[in-house]
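When we follow this note's numbering, the leftmost residue of the sequence shown carries the number 118, and every step to the right adds one. Backbone N, C-alpha and C define an ideal beta-carbon position, used for all residues, glycine too.
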Amino acid sequence: MGSSNKEERRRRARIEAMLRKTLTSELEEQVAVESLRDRAGIDPDTLGPVTDLVALGLANSWWRNSCVEDWHAAGRLDNGDMLRINSYTTQRIRQRLHGWLREMRLNPLETVGVLDDFGPEDFDPLLERIYRWCVAPGRRLPTGPTLVELASSDLPAYADHADRAVGGFAEMIEDRGARFAFLRAAAHGALACRRWWGHPKWPILVDEFTDTLDDMRPEQRCVLPPEPAGVADRSRLRETLLEHPWQLDEESARWLTATGLGHTPTSA
């Protein structure tokens, strides 16, 4: 009788654990959906916009939230470098994600639920492709150096971080499905990268920022470096910031971040 009761308690404990996991997953998905709708202003059920924000979330998790931030803190990268490299990384990851959608013959206007029609093995080549690009020693950064020239002896540490991050994403796809994994990564991008290129609110930030450039008071300008020639044409500057900020020259990127780009209050 005692053995039977013990087995019953174990069975109930397993069921309760499964229910907690299910409820946690459902709550987490609900939070992700609400974040995409309310904080990013996108339809969380449409594949294309969600995929764009997945690129942002992966760039933040797989690249920026690594020893890269230590390089930044130590002065190996300045704020202008981070603006250019982070936007470039996001754009390259986005290209690979959308390339995979085309390979799978998926329309960006389809619902995000279509991702659950694919198994984990369908995503392995995509994740491997992004990982290999991220850690490639010879890939050229928009700031000039190659990855290995920037990372030096820290390259193995970065590669280890990227490997663990990619593995975690692959495990999430296997355990909870691709739809959940995409929604969660997209929500991370929406919340953590609200002032990055690639966020749906980035154009608002750029408009507010460029509007304030000519309205700065003398006491604000006096603490800044001289305005570089690369930002004189405001229309061209706005276009560059919206389309390809990684193409900014070093002096302009440094001046723009010193002026407050990426830190301007918005309605986002």
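By the Cβ neighbour-count rule, residue 374 is buried, with 16 or more other Cβ atoms within 10 Å of its own. Beyond the five residues adjoining it in sequence on each side, residue 164 comes within less than 8 Å, by CB distance, of 218, 223, 224, 225, 226, 227, 228, 229, 231, 232 in the same chain, given in chain order. For the region 336 to 375, the full-length alpha helix (DSSP H) segments reaching 4 residues or more read 351 to 360 along the chain. According to the DSSP assignment, residue 175 belongs to the alpha helix (DSSP H) that extends over 164 to 175.
Residue 194 sits buried, since 16 or more C-beta atoms from the chains shown fall within 10 Å of its C-beta. Within the same chain, and ignoring the five residues on either side of residue 348 in sequence, the residues whose Cβ sits closer than 8 Å to its Cβ are 330, 354, 369, 372, 373. Apart from the 5 residues on each side of it in sequence, residue 255 sits with its Cβ closer than 6 Å to the Cβ of 263 in its chain, given in chain order. With fewer than 16 other beta carbons inside 10 angstroms of its own, residue 141 counts as exposed. Our two residues, residue 206 and residue 149, have alpha carbons roughly 23 Å apart in a direct line.
Burial check for residue 153: the Cβ neighbour count within 10 Å reaches 16 or more, so the residue is buried. The region 298 to 308 makes contact with the region 158 to 178; the number of CB pairs closer than 8 Å reaches 3 or more. For residue 141, the secondary structure class from DSSP, reduced to helix, strand or coil, is helix. Within the region 183 to 256, the alpha helix (DSSP H) runs of at least 4 residues that lie entirely inside it are, in chain order, 186 to 190, 196 to 220, 237 to 252.
By alpha-carbon distance to residue 147, the top candidate from 332, 303, 342, 357 is 303. Exclusion of the five residues before and after residue 169 leaves 211, 315 as the residues of its chain whose Cβ lies within less than 7 Å of its Cβ.
When the beta-carbon positions are compared, residue 259 and residue 201 come within less than 8 Å of each other. In the same chain as residue 178, and ignoring 5 residues on each side of it, the C-beta atoms closer than 7 Å to its own belong to 282, 305, in chain order. By the C-beta density criterion, residue 346 is exposed, having fewer than 16 other C-beta atoms within 10 angstroms. Residue 234 holds the alpha-carbon nearest to the alpha-carbon of residue 290 among 180, 234, 185, 191.
In this structure, the CA atom of residue 175 is about 28 Å from the CA atom of residue 327.
Closest in C-alpha terms to residue 352, from the list 285, 324, 367, 265, comes 324. Taking 8 Å as the cut-off, the beta carbon of residue 156 is found no closer than this to the beta carbon of residue 322. For residue 263, the three-state secondary structure derived from DSSP is strand.
For residue 158, the secondary structure class from DSSP, reduced to helix, strand or coil, is coil.
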